[in-house]
Amino acid sequence: MKKTVIYIILSGWMLAGCGTYSRYHRPDLSTENLYRDMPADIDTMTIASLSWREMFTDPKLQSLIETGLERNADLNVAR
Numbered sequence: 001m002k003k004t005v006i007y008i009i010l011s012g013w014m015l016a017g018c019g020t021y022s023r024y025h026r027p028d029l030s031t032e033n034l035y036r037d038m039p040a041d042i043d044t045m046t047i048a049s050l051s052w053r054e055m056f057t058d059p060k061l062q063s064l065i066e067t068g069l070e071r072n073a074d075l076n077v078a079r
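With the first letter of the sequence shown counted as 1, position 68 gets the number 68 in the UniProt record's numbering; the numbers rise by one all the way through.
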């Protein structure tokens, strides 16, 4: 008796998985106002165009960086 109930439930689940469903229809979305237009007078300054002295303004940190650059053997060989 238990086996037949289990078989009936399992076959019902299997048949439910084979059911027909309506096709998916992609909704029409307006993409006109999703992005702002880039202004013509945009600032082109990036962090890559700054020197490290302008980036790190602490005098102690600047002296440590200068010492590291002077004592960097690989960098000195590459120069």
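Beta carbons are placed, not taken as given, at the ideal position from N, Cα and C, and that holds for glycine.
Fair warning: this is a prediction, and the values are worked out from it, not measured in the lab.
Note that the C-beta distance between R53 and Q62 is below 8 Å. Here the alpha carbons of E66 and V77 stand approximately 16 Å from one another.
Note on geometry: alpha-carbon atoms of K60 and G68 lie some 12 Å from one another.
DSSP, read as helix, strand or coil, puts P59 in helix.
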